[in-house]
Structure formats: C-alpha cells, structure tokens
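Novice: Residue 514 in our numbering sits at position 514 of the first sequence, with consecutive numbering throughout. The C-beta atom is built at its ideal place from N, Cα and C for all residues, glycine as well. Just dropping this structure here.
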Amino acid sequence: MPDTNTNPDEPKAESRNFIEQIVDADIASGKWGDAGDRSVVATRFPPEPNGYLHIGHAKSICLNSGLAEQFGGTFKLRFDDTNPAKEEQEYVDSIIGDVEWLGARWEGEVRFASDYFGQFYEWARDLIAKGLAYVDEQSPEQIRNNRGNVTEPGVNSPFRDRPAAESLDLFARMKAGEFEDGSMVLRAKIDMASPNMNLRDPVMYRVLNAHHHRTGDTWHIYPMYDWAHGLEDSIEGITHSICTLEFENHRPLYDWFIDAINKDRGEPIHHPQQIEFARLEPTYIITSKRSLKLLVDENHVTGWDDPRMPTISGLRRRGFTPESFRSFAKATGVTKYKGSHDIGLLEAAVRDHLNTEAPRRMAVLDPIKVVITNWGEHGDESRIEEFNAVNNPNNPDDGSRTVTFGKEIYIERDDFMEDPPKKFFRLGPGREVRLRYAYWVTCTDFIKDDAGNITEIHCTYDPQTKGGENPPPDAEGKVRKVKGTIHWVGAHDAVDAEVRLIDRLFTAEHPAKAPKDDEGGWSFMDNLNPDSMKVVRNAKFEPALASRTPSESAWADGIRRYQFERLGYFCEDRDSTQSNLVFNRTVTLRDSWAKNAGK
RNA sequence: GGGGCAAUGGUGUAAUCGGUAGCACGACAGAUUCUGAUUCUGUUAGUCGGGGUUCAAGUCCCUGUUGCCCUACCA
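As structure tokens, then:
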C-alpha cells in the first residue's frame, strides 16, 4: 500500500482545472514575479463590440475575473475594436452593463484596443525597419491565390523583398489616407511555406478609409486582430491570456510578433502566455454572433434582449441570476475537450438559487372559476376570510403575507379533470383537495358550455380545515386525508396579468448543426421552435404580486423574482406597468407528474 | 498528401509521484412534505481500439481509430 498520510476527516482539496494548475505552477516557479506572489496574476475579457454578449461570453468573464479574484490579481475589461466596419457604441454600452451585472469587477477604466493604435503603428514601423514586414501591393485575390493551401506551400509576393525604406514610405502614406481600401497591406515576413497557414506572411494592416466609433477619422489603416491582440495583452501586462481553442494555431504567430518586436531591443516588452480552452456549447442554443444578429434583424425575436435569446441581457430579462450563471460556469468546467453542455445544468442552477431566494406567490395562469356553494351556510355569504401564507417555507426569515378567501375563487384548469385517473391527486367530481393555506374543498358539480368546455366548478368546503389544516379525527379516531394541495386566487381581489411562457428557442439539441443529408438548403432557422413564447393574457394573480411587499427584500439588480407555487419561477418583465403586469417564466419547477403523464 | 488539438458513465468533469475510478446534472426506486417542488436515502452506469512496460496503467511507451480547428484585407 502507498503511504496514506492523508487524514480522512480533512476536506479533500478542491480539484483544480488545467488553467488553475498552470497558474499554480507559474506562481510557484516565479515566472511572472517573485516566486509565491499570487498578486501578479493578470487576466482580461476582450470582447469585440459587434454584438451583444451571450452565455458563452459569460463563462469567459467568470473564468477570467474568477481567476484574478481567486489569486488576488487583476482583471481588466478591454474592447477589441480594431474593425470600424462592424463595431458600434450601442454594443459597447450593452457589454459594459452585462459585465457589471454579472458581478465582475475590472481594474481601472474600461480599455480599448484603439487607445493603443499609435503604439501598434510604431512597432509596425520597427518591424519594417528590421526587415520583418513589408508593404504588399497584390490584390486580395492574388494574396489568397498565392497563399497555397493546407498541403501546398504558398509563393512569395513579388513585393516581399522591396527595400525597407520603400515599405516605410508606403506605410506612412497608407496611414495618411493616400490609398484606396484594399489597394495594399502591410504583411509580416515569416514563411510562405509554413505548415501553419497563420505564418504565411499574415496581414498586419489593411487600408480602411472608415470612421471609427472612438478614433473618428484619424486613421486610414487598421490593425488586424492577429497583429493587435497579443500586443494589447502585452501592453496591459496580461500574464494569462485565455482564449478559445480555434486560436491555438495563432499562438505561434503571437509569439513571433512579440519576439520580432523584442529583437535587438534593450528592454523587452511583456510576453503574455496564451492558454486555450473549449468554449461553452450549451444544448438547444446557438452562440454564433452572426446567427444571433440574423434572429434580431429578421424579427424572429423582439431584440437582442428578447427573453428567449441566449444573450446575457436576454437571459437576465428571462429571470436568470448572476449567481446561476456563475454556478453554471463552474459546473461546466474548464478543459480542452470540445463537448456540449446540457442546458438543463443552467436550469438546475437557477432553480437551486431561486429556491432559496425567491418569495412564493399564488398565480393562476389558465383560470377556471370555483364557487363554494356552502359558503353562506357557515356565516355571511359575502364575507372574506384572511389567511397567513409564508413567503418561503425554505427560508423562515422571509416572513409571510396575507391571502384572502371568499365564495368565488379561481383554480388552474389543469387541476380539474372530469374523469380523472386514480393517480390524479387534484380535483374531480366527488374528490377532495386542499386549497393551499385556505380550506379543504370537495367537488360536487361542474358546468359546461355548449362547446363542452368546463366553465365553472362547484365545491363545498369543510370549516374544520380552516387554514388548510387537517380536520380533527372522527368518532373512530380516524383522520381524513387528502392527496393533493392546489393553488388558487380569490376572485374578489384577483389582479389580472400577462404572463409570457418562455420555452427553448430551438427544438434541436444542436440547432446550428446541419443534418447529414443536407444538400445546401438547410438553415438553422429550420430548427426554430414555433411555440418558444406563449403569451397568457388572462392570468389571475394574488394581490401581493402587484407590488413588492414590505417584508420582501429587493434583488440586487432590481428585478422582482418569485416562485409561483406549483408552476415555476417567474420575474417581472421590463414591459410591466402598475396597470398592466407582465411576468416572464424563467423556468418551470421540476414536475414528475407531467413527466410520467407523458409516458 | 500538411499542421495543430482532443478523447473517462446518458451529459459535463475529477483522480497530486504509476497505487481504492470520485463529483455534479440526469434517469430510476423509496422516505418526508399544506408546492406531484424542496429536502433526505439508495440504485444505475464509465477510462476510444490493439499491443507493450510494470507487482500495479485513465495516467508511461508504441500503434491505430474517431472528432474538432486551420487556406478573411473578420474577430
């Protein structure tokens, strides 16, 4: 047996993902500073402001900011705004809001790659002077054709060996705006025969006579992502430059650029370490920004923050919490394996959070009227009785509120069956159920309209069950039992409301994946779920849902969230007004009855 | 015909020097319950294939297979 000096009573050390292990090793070896100094860890989140952030970005934010937090290092927020054609201020604003909402705290000001354009330009001139870059006047087509392919080497540009002075002059004139878009580029002089296509003299700058959302018209050339990105990280002193798997083949290029700048240089510039991990790929969701933009532009959804969208703003509007994002990010792990992640994990995470935090309320989505026929036999027929309802049985500190009961109430249409099976624990002719917090009632009759729809149910109540309590034992000592408890809302004080029942936007587990027999006609739009949002306009709410009750604590983001008993978790939509309440369903409760009924 | 990366239950992930394959979600059973929720208990099921080294292999070596990425003046 091996030496087992571990104490079984000691909690097992938390497992570390492969990135944490790298950081641990770097700190131990003193790679970035004094050995053991954890505060040297510097990470960042570098979005391009060309769309709204989605749940995959949320994971990256959690990973990067979480690492900095865990080690006591720093986390920065930087926009990668190197392409003026696609980027807009609206996206900058939404992204900042999303990162804040998630709870990630960045160091100092928000940064922009465009702030470093001058530095990039100087370093590019330096590379030209060293004979490591050149201005190429080939057309885009020629450049593409001369690049070769994965098995064939490319051929050198005829401009590759032009004198540095000539390139320097041309580069200055490119910057000055003397040339047309696409007329020439600055290329790194690496190796046109490299098996890594990224090293076949990649383009560093292109002529783009375009207006930039921050630098205006000062530039006529813009750096390519591959040239800029590693330099941005270098300038900001990023130690661990975390990105997704598809950039693995780019890492040698980023290393080459830094080495090229540092060649013959007195004080070398900082050389970040890039680490790639597999992006989050949740089921039933698409995360391509292009596709998401298409959904918005073609009005398949109402906007980037439509509650069906996998964007952070959409999921927030749907009711998901920052905590649920963080635990989802943690649950999905950090690896280099490109799998897919069950969206059920996100739903489990938000249920878990909301179960402890969300006050309970009663709401009837598809109301059917119930008349208590013997209400007048035990007192004034018009009387209203008050009952105490706890806000959260799992959290006694949440207090309670009052619900009121009278002769007429509403229950859920689903909670009554004319001819129920034995295992149906709800209402049916002759059956008795508990109305939560109120009384036990027995169905004596029901009324149908000409179309055969049930329009009204008649019940008697048992005054001995006041508050929903069990009735006293009978003469033989037996206590009557009831199998089911259902929710209800008093007809006399019910508040009308609109409820949006949100379901997954796509019906396919992998909506972006074309079927095998696709011959080109397929589109991810084919997988759109026609029932992704059902709007219920005649829901009945208990009055305590109309506004926040005094006993209720406010949510950090100001969004009111509740559990509607037996239905699910819901939050108030931003369309909601005092006179027209609108709620979104975040997620249903787990429902083993519905699951078995479906079998 | 090239280069890079990856492979552990249904899904996602752990396993420190080569030493009991663990956790979460799900599924299934049962208990509790004024939410068919929650909670609790139990069950289920896994190291991509083939060789090799070793007392001992998810882990080391050889070899094969499968999947993903790479030929924008996008990021």
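Could you compute how far the alpha carbon of N529 sits from the alpha carbon of D305?
Specialist: In a straight line, the C-alpha of N529 is about 18 Å away from that of D305.
Novice: Let me make sure I understand the geometry here. Which of L292, N538 and A329 has the alpha-carbon closest to that of K369?
Specialist: Checked all of L292, N538 and A329; the closest Cα to K369 is N538.
Novice: Taking 7 Å as the limit between beta carbons, can you name the residues of its chain near F424, skipping five residues before and five after?
Specialist: So the qualifying residues of the chain are M417.
Novice: Taking C-alpha atoms, which residue in I343, N156, G177 and N196 lies nearest to H510?
Specialist: Ranking the options by Cα distance to H510, first place goes to I343.
Novice: Taking 8 Å as the cut-off, decide whether the C-beta atoms of V371 and H458 are in contact.
Specialist: For V371 and H458, yes; Cβs fall inside 8 Å.
Novice: Cα separation between A349 and F328?
Specialist: Taking the straight line joining both Cα atoms gives about 6 Å.
Novice: Using the Cα positions of V23 and H240, report the straight-line distance between them to the nearest angstrom.
Specialist: Their Cα atoms are separated by approximately 8 Å.
Novice: Any chance you could list the beta strand (DSSP E) runs of at least 3 consecutive residues sitting entirely within the region 459 to 506, in chain order?
Specialist: Counting only runs of 3 or more, we get 488 to 490 and 495 to 502.
Novice: When DSSP labels each residue in this structure, what does F159 get in the three-state scheme?
Specialist: In the structure shown, F159 sits in coil (DSSP, three-state: anything other than H, G, I, E or B).
Novice: By how many angstroms is the C-alpha of R431 removed from the C-alpha of Y439?
Specialist: Near 14 Å, if we compare the C-alpha coordinates of R431 and Y439.
Novice: Decide if K76 is buried, meaning its Cβ has at least 16 other Cβ atoms within 10 Å, or exposed.
Specialist: Burial call: buried.
Novice: Report yes if the C-beta distance between L589 and R566 is below 8 Å; otherwise report no.
Specialist: A contact, by the Cβ cut-off of 8 Å.
Novice: Taking 8 Å as the cut-off, decide whether the C-beta atoms of F71 and R38 are in contact.
Specialist: Yes; because the gap between Cβ atoms is below 8 Å, this pair is in contact.
Novice: Helix, strand or coil for W440, going by three-state DSSP, please let me know.
Specialist: DSSP places W440 in strand when its eight states are reduced to three.
Novice: Count the other C-beta atoms from every protein chain shown that fall within 10 angstroms of the C-beta of Y337, then say buried if there are 16 or more, exposed otherwise.
Specialist: By the neighbour-count rule (16 or more Cβ atoms within 10 Å), Y337 is not buried but exposed.
Novice: Buried or exposed for H212, going by 16 or more other Cβ atoms inside 10 Å?
Specialist: Buried is the call here.
Novice: Starting from L186, trace the beta strand (DSSP E) both ways and give me its first and last residue.
Specialist: Looking at the DSSP string, the run of the beta strand (DSSP E) that includes L186 is V185 to A188.
Novice: Taking the alpha-carbon positions, what's the P2 to D226 distance?
Specialist: Bear in mind that the predicted position of P2 carries a pLDDT of just 30, short of 50, making it unreliable; the figure below should be weighed with that in mind. Looking at the two C-alpha atoms, the distance is approximately 50 Å.
Novice: Would A188 and M204 be called neighbours here (beta carbons separated by less than 8 Å)?
Specialist: Taking 8 Å as the Cβ cut-off, A188 and M204 qualify as a contacting pair.
Novice: Which residues in the same chain as L295 place their Cβ atom closer than 6 Å to its Cβ, once the five residues preceding and following it in sequence are excluded?
Specialist: Result list for L295: V301, in chain order.
Novice: Taking 8 Å as the limit between beta carbons, can you name the residues of its chain near L168, skipping five residues before and five after?
Specialist: Once the five neighbours on either side are set aside, the close Cβ partners of L168 are R125, I128 and A129.
Novice: Is it right to say A331 is buried, meaning 16 or more other beta carbons lie within 10 angstroms of its own, or is it exposed?
Specialist: So A331 counts as exposed.
Novice: Who are the near neighbours of D181 in its chain, counting only those whose CB is closer than 7 Å to its CB and skipping five residues on each side?
Specialist: Cβ within range, chain order: V207, L208 and N209.
Novice: What's the C-alpha gap between N149 and K289?
Specialist: The alpha-carbon atoms of N149 and K289 are separated by roughly 27 Å.
Novice: Is the separation between the beta-carbon of P604 and that of Y91 shorter than 8 Å?
Specialist: The shown model of the chain, from 1 to 599, leaves out residue 604, and the question about it has no answer.
Novice: Taking 6 Å as the limit between beta carbons, can you name the residues of its chain near K466, skipping five residues before and five after?
Specialist: If we look at K466 and ignore the five residues flanking it on each side, it has no Cβ neighbours.
Novice: Relative to the C-alpha of S15, which residue among G33, A172, G333 and E232 is closest?
Specialist: Comparing Cα-Cα distances from S15 to each of G33, A172, G333 and E232, the minimum goes to G333.
Novice: Grab the span of the alpha helix (DSSP H) containing Y91 for me, first residue to last.
Specialist: First-last of the alpha helix (DSSP H) with Y91: Q89 to L102.
Novice: Look at S340 and A512 and say whether their C-beta atoms are less than 8 Å apart.
Specialist: Contact: no.
Novice: Enumerate in chain order the residues of its own chain whose CB-to-CB distance from N17 is below 8 Å, with the five nearest sequence positions on each side excluded.
Specialist: Contacts found: G333, V334 and T335.
Novice: Helix, strand or coil: which one does DSSP assign to D24?
Specialist: In the structure shown, D24 sits in a helix (DSSP, three-state: H, G or I).
Novice: Going by the DSSP bridge assignment, what does Q119 pair with across the sheet?
Specialist: Paired residue(s): none; Q119 is not in a bridge.
Novice: Taking buried to mean at least 16 other C-beta atoms within 10 Å of its own C-beta, is Q142 buried or exposed?
Specialist: Exposed, by the Cβ-count rule.
Novice: Could you check the C-alpha separation between S532 and Y134 for me, to the nearest Å?
Specialist: Cα to Cα, the separation comes out at about 53 Å.
Novice: At which residues does the alpha helix (DSSP H) containing Y225 begin and terminate?
Specialist: Counting along the chain, the alpha helix (DSSP H) containing Y225 begins and ends at Y225 to I235.
Novice: Does the region 359 to 368 come into contact with the region 400 to 414, if we say contact requires no fewer than three beta-carbon pairs (one atom in each stretch) closer than 8 Å?
Specialist: Cβ pair count under 8 Å is three or more, so yes.
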